[in-house]
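Residue numbers (our numbering): 30 to 119.
Glycine included, C-beta positions come from ideal geometry on N, C-alpha and C.
Quantities reported herein were computed from a predicted structural model and do not represent experimental measurements.
The next block holds one structure in the form of structure tokens; read it before the comments.
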Amino acid sequence: MTFRQRVVHIIANERGQTYTSNEFKTNWQRLMNTVIASGVVKERFTFHDLKRKGVSDTKGNKQEASGHRNAAMLNIYDVKSIIVKAAGEK
Numbered sequence: 030m031t032f033r034q035r036v037v038h039i040i041a042n043e044r045g046q047t048y049t050s051n052e053f054k055t056n057w058q059r060l061m062n063t064v065i066a067s068g069v070v071k072e073r074f075t076f077h078d079l080k081r082k083g084v085s086d087t088k089g090n091k092q093e094a095s096g097h098r099n100a101a102m103l104n105i106y107d108v109k110s111i112i113v114k115a116a117g118e119k
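Shown next as structure tokens:
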């Protein structure tokens with residue numbers, strides 16, 4: 030008896046197959062045009078920027094959540110701005 034593992038792609042076409050690189054890029058550009066035109070976002074961002082946002086917004090152990098092996102790599106992804114008080118503000 031053989032075991033066949035079924036692969037399910039998270040981002041897939043109507044047939045459940047993975048997109049080619051060019052298909053994905055085309056679909057991403059269409060999505061960016063749509064969300065910018067509708068006012069959902071103001072500027073373009075890449076698919077990989079979604080990981081940066083996820084790492085930056087993580088409240089717990091960011092290194093563990095991101096899967097990075099060292100803090101140096103994590104620092105590239107953790108881009109959350111530090112909020113500081115204005116001069117003279119208490």
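Within 8 Å, strictly: CB atoms of residue i and residue j
i	j	result
Ser95	Val84	yes
Gln92	Leu79	no
His38	Thr47	yes
Given residue i as reference, the closest of the options once Cα atoms are compared
i	options	result
Phe53	Arg98, Asp86 and Ala41	Ala41
Arg59	Ala115, Lys88 and Arg73	Arg73
Tyr106	Ala66, His77 and Val69	His77
Trp57	Glu43, Ser67 and Thr75	Thr75
Runs of 4 residues minimum, wholly inside the region 43 to 107: which ones carry the alpha helix (DSSP H) assignment? Correct list: 50 to 66, 78 to 86, 91 to 95 and 100 to 106.
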